[in-house]
Amino acid sequence: MPAKKVAAPESRRWLMFAILLVGAFLPPLDFFIVNVALPSIQQSLGTASSAEQLIISSYAALYAVTLITGGRLGDLYGRMKMFFVGLAGFAVASLICGFAESPWMLIAGRSLQGVTAAVMAPQALASVQAIFPESEKPLALSLYGAVFGLASVIGQALGGILISFNLMGLGWRAIFLVNLPIALLVILIAIPLVRETRARQTTRLDLGGTALCVLTLGALIVPLIEGREAGWPLWAGLSLAAVPLLAWWFWRYEARLRQSGGAPLLDPAALRAPGLGRALLVALCFYSIGVFFLLFSIYLQGALRTSPLDAGLVLLPFGAGFLLGPLSTKQFGRVLGAYVNPVGMALEVLGLVLLAGLVTQTPMLASPAALPLAVSLFLIGFGQGLALPTLMRMITERVAPAYSGMIAGITSSTLQISTSLSVAIIGGIFYTLLGTDTAAAAITYAFTVSLMCMAACLTVGTGLSITLARQPAGGLQTAAMQPAE
């Protein structure tokens, strides 16, 4: 039988890779950059605490529920095409945010940013898999993971710099409008360089599953965010009560679609892998820290009267740790083996506890000592950066290769849902403890309790991760699916 001919690697693949990394860089950048700007937005637009939470969680939630759909659109219509559609849509959404005259206009723009980011981001990773030979994929994927750390570094600092410099009198609006020249430059450079990739055999998009997924998550997240501010009205309780029914309906719909030979958005067969449920629970605990940046910014600017620029710079040790963490997983893996993930999460817990102790012991209105503060933040960032790539691998290795693309999308969505729940639940605890009191002591107390809530969630995740490290990964034995490329 003649040997299969191997296609020559794309000659411009590293240049294409640099362009495609914009799709991985912009979504986390716009999550981090907004946290520093929230106090300025509140002063300008008069946003309530629930609206502040929605500015964060609407983006994260819609990004989460449309990630899998965004990847599927790339399969159907071409990944490069959908990358450009997502990038252009993200630029339009940023324009809406930049010229928002009300909190709800800003929330609408942020929601559109979340949807378009979810169309753009999956195409980058899928296309990288298509253009690199096997020998170069490990390096490319390591750099892809490190981009999230770089986004956290730049996002926190850039937000403070843009607000403090007040470029052209734009104030906080500059943090959104800065996306426009980036998107335009990438589109002009990328169009003549990239080539199209898509799945060889595809079926129709699961519109019913997508709609049910959005309904289920919306019924959960919206009342968690709005319920406290509205005094927990009847609609909030009914919405939460409907979540199990909607989830069951979604599950049954996907199972029937699978049985009839369709391509469900979430294939129930993929969730039967041993230990996968626990691994996804670890992912759900992982971004309980998602609200940290919002609350830390409120603590710095509300209790300590720190400027937006200084607030952004204070978080640089976290960003540096998050950047170095993914690049250190190989070295730590040689020593710790399967326990890299729980060790990384344990470092996050240690950093959060140290920070809570430092804040508590610092005299009121005084800034925490610089070195202990930097060490605490670095531990949190480094632990998260160390644990993130190993968490992704811990989940995807538990299923058969035929399911790897779907599980990667599910994992990314779970992490984004974790962020939304963090903002809704732990953010809700913070604002409940704070009430109408804006004194430094009240902010400090609410912030400290919130830190311990994050540490508790990550401790649960660490324990689950340890049990998974002791259990060998075993994928499902399933019928082969059509190759993605």
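Counting along the sequence shown from 1, when you hit position 132 you're at 117 in this note's numbering, and nothing is skipped either side.
Heads up, the beta-carbon is just placed ideally off N, CA and C, and yes, glycines get one too.
When the Cα atoms are used, what is the spatial distance from residue i to residue j?
i: Pro353; j: Leu312; result: 29 Å
i: Ile274; j: Ala359; result: 17 Å
i: Trp537; j: Gly322; result: Nothing about residue 537 can be reported from this structure: the residues present for the chain run from -14 to 470 only.
i: Phe303; j: Met437; result: 18 Å
i: Gly56; j: Gly448; result: 32 Å
i: Ser25; j: Trp157; result: 6 Å
i: Leu128; j: Ser397; result: 17 Å
i: Ile92; j: Ala85; result: 9 Å
i: Ile283; j: Leu350; result: 13 Å
i: Ala427; j: Tyr62; result: 52 Å
i: Leu155; j: Ala142; result: 17 Å
i: Gly144; j: Ile160; result: 6 Å
i: Asp422; j: Val334; result: 28 Å
i: Leu443; j: Gly246; result: 39 Å
i: Pro208; j: Gln401; result: 18 Å
i: Asn151; j: Glu121; result: 43 Å
i: Ser292; j: Leu419; result: 21 Å
i: Gly260; j: Gly212; result: 34 Å
i: Gly8; j: Phe2; result: 10 Å
i: Gly446; j: Ile380; result: 14 Å
i: Gln244; j: Gly412; result: 41 Å
i: Ile172; j: Phe69; result: 7 Å
i: Gly287; j: Ser435; result: 16 Å
i: Ala305; j: Ala331; result: 18 Å
i: Thr314; j: Val320; result: 10 Å
i: Thr429; j: Trp(-1); result: 47 Å
i: Ile81; j: Leu285; result: 28 Å
i: Leu453; j: Ala355; result: 37 Å
i: Gly216; j: Leu256; result: 37 Å
i: Ala221; j: Gly94; result: 24 Å
i: Ile395; j: Gln316; result: 28 Å
i: Asp509; j: Gly193; result: Since the first residue shown for the chain is -14 and the last is 470, residue 509 is missing from the structure and cannot be characterised.
i: Trp233; j: Gly262; result: 16 Å
i: Leu406; j: Met153; result: 36 Å
Beta carbon of residue i, beta carbon of residue j: below 8 Å?
i: Leu30; j: Ser79; result: no
i: Phe367; j: Leu309; result: yes
i: Thr399; j: Leu269; result: yes
i: Leu289; j: Tyr238; result: no
i: Leu242; j: Leu200; result: no
i: Val338; j: Ala431; result: no
i: Phe363; j: Leu280; result: no
i: Phe10; j: Val132; result: yes
i: Ala258; j: Arg383; result: yes
i: Ile116; j: Ala409; result: no
i: Ile365; j: Gly336; result: yes
i: Gly140; j: Leu340; result: no
i: Ala106; j: Pro218; result: no
i: Gly370; j: Phe307; result: yes
In chain order, what residues of the same chain have a beta carbon less than 6 Å from the beta carbon of residue i, not counting five sequence neighbours either side?
i: Thr195; result: Thr54, Leu250
i: Leu58; result: Met67
i: Thr101; result: Gly71, Gly74, Phe75, Ala78
i: Ala175; result: Ile4
i: Thr404; result: Ala45, Tyr272, Gly275
i: Arg202; result: According to the sequence displayed, residue 202 carries Leu and not Arg. For Leu202, where only same-chain residues beyond five positions count, the Cβ hits under 6 Å are Val50.
i: Thr345; result: Thr433
i: Leu6; result: Val132
i: Arg189; result: none
i: Val267; result: Gly446, Leu449, Ser450
i: Gly83; result: Arg158, Phe161, Leu162
i: Ala425; result: Ala288, Met349, Leu350
i: Thr347; result: Pro353
If contacts are defined as beta-carbon pairs under 8 Å, then residue i and residue j qualify, I think. What distance do you get, rounded to the angstrom?
i: Ala372; j: Gly329; result: 3 Å
i: Arg180; j: Gln108; result: Contact doesn't hold; Cβ gap of about 13 Å is too wide.
i: Leu178; j: Arg455; result: Contact doesn't hold; Cβ gap of about 47 Å is too wide.
i: Ala248; j: Asp191; result: 6 Å
i: Ile451; j: Pro357; result: The pair is not a contact, with the Cβ atoms about 28 Å apart (cut-off 8 Å).
Tell me which same chain residues have a C-beta within less than 8 Å of the C-beta of residue i, skipping the five on either side of it?
i: Leu47; result: Ser96, Gly99, Val100, Ala103
i: Gln27; result: Glu37
i: Gly318; result: Val325, Thr375
i: Ile148; result: Val21, Ala22, Ser25, Gly156, Trp157, Ala159, Ile160, Pro293, Leu294
i: Lys(-10); result: Model confidence at Lys(-10) stands at a pLDDT of 49, short of 50, so the residue's coordinates are unreliable; what they give is reported in the following sentence. Taken in chain order, the list of residues that qualify is empty.
i: Ala204; result: Ser224, Leu225, Ala227, Val228, Leu231
i: Leu52; result: Ala103, Ala106, Pro107, Gly394, Ser397, Ser398, Gln401
Starting from the C-beta of residue i, find all residues in its chain whose C-beta is less than 7 Å away, skip the five residues before and the five after it, and write them out in chain order.
i: Ala136; result: Phe10, Pro13, Leu14, Phe17
i: Leu361; result: A quick correction: the sequence has Ser, not Leu, at residue 361. Excluding residues within five positions, the ones whose Cβ falls inside 7 Å are Gly336, Leu339, Leu340, Leu343.
Q) Should the region 38 to 47 be called in touch with the region 12 to 20, which here means at least 3 C-beta pairs below 8 Å? A) yes
Worksheet item: Are the region 155 to 171 and the region 217 to 227 touching by the rule of at least three beta carbon pairs closer than 8 Å?
Response: no
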